[in-house]
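In UniProt numbering, the protein residues as written are 1 to 220.
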């Protein structure tokens, strides 16, 4: 078997090496951008847990994948890999959302209709479900309970995603505006680095226990 692998590698000069580690989804990114593959493979080997290293010892066979030489075929190949990567991200998001829904005794039968291309961290998923739950309670006249779970719609989850995107865009614009502030000296530079954007405080003027005219003055 080793001799066979050696002959295969020699028959494909100029190709790059791809080792399959289980169901690692990031391999698609490596295939889409082969120029960075070698460095990523070395980094992944360093960070690989002991169990994964044992698996690679059990299955040492390596497959050499030859890139398409035709420019049109190469472009089509990369587009397909990027599309597959987006599908995997969307499926991972659906799995994360379903887990949070189940933990909070919620369910969304039409969850699969959503296509979320960006990767959602676990804390963002928690926030999205919280906003979706609030949206559902505000807009649902008669809540539906099935198997001891509250049924919410994909529309409510979409609303939660829109809230998340709105906050993220606001944070980006606030941070950008702070970077654009012109400082006169080193003291002002250090002071500016400690300024907290309003969106990061987590407290609005409505939460302040003060007279309305005082709040209006603070807003100014």
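A virtual CB, placed ideally from N, CA and C, is assigned to each residue, including glycine.
Query                                                                                                                       : Result
Assigned exposure category for residue 212 - 16 Cβ within 10 Å defines buried                                               : exposed
Residue burial classification, residue 132 (beta-carbon count within 10 angstroms, cutoff 16)                               : buried
Any beta strand (DSSP E) of 3 or more consecutive residues that is wholly inside the UniProt domain "DUF7751" (106-164)     : 144-146 and 149-151
Nearest-angstrom Cβ-Cβ length linking residue 128 and residue 161, presumed shorter than 8 Å                                : 6 Å
Unbroken alpha helix (DSSP H) run spanning residue 78, endpoints                                                            : 71-103
Inter-stretch contact (C-beta, 8 Å, three-pair minimum) for the segment 135-155 and the segment 115-125                     : no
N-terminal and C-terminal residue of the alpha helix (DSSP H) that residue 58 is part of                                    : 50-58
Neighbourhood of residue 90 by C-beta distance below 6 Å, restricted to the same chain and skipping five residues each side : 115 and 116
Sub-9 Å separation of residue 157 and residue 97 beta-carbons                                                               : yes
Cβ of residue 131 within 9 Å of any chain C Cβ                                                                              : Here chain C cannot be found, since the structure has a single protein chain.
Residue 159 burial status per 10 Å Cβ neighbour count (16 or more: buried)                                                  : buried
Separation of residue 65 from residue 148, as counted between CA atoms                                                      : 50 Å
Reduced DSSP secondary structure (H/G/I, E/B, other) of residue 211                                                         : coil
Where residue 216 falls: helix, strand or coil (DSSP)                                                                       : helix
Residue 169 in three-state terms, based on DSSP                                                                             : helix
Burial state of residue 165 (16 or more Cβ within 10 Å)                                                                     : exposed
Environment of residue 75 [buried if 16+ CB atoms lie within 10 Å]                                                          : exposed
C-alpha gap between residue 278 and residue 59, whole angstroms                                                             : Because the chain is modelled from 1 through 220, residue 278 falls outside the range shown and cannot be assessed.
For residue 103, the nearest candidate out of 120, 130 and 170 (CA to CA)                                                   : 130
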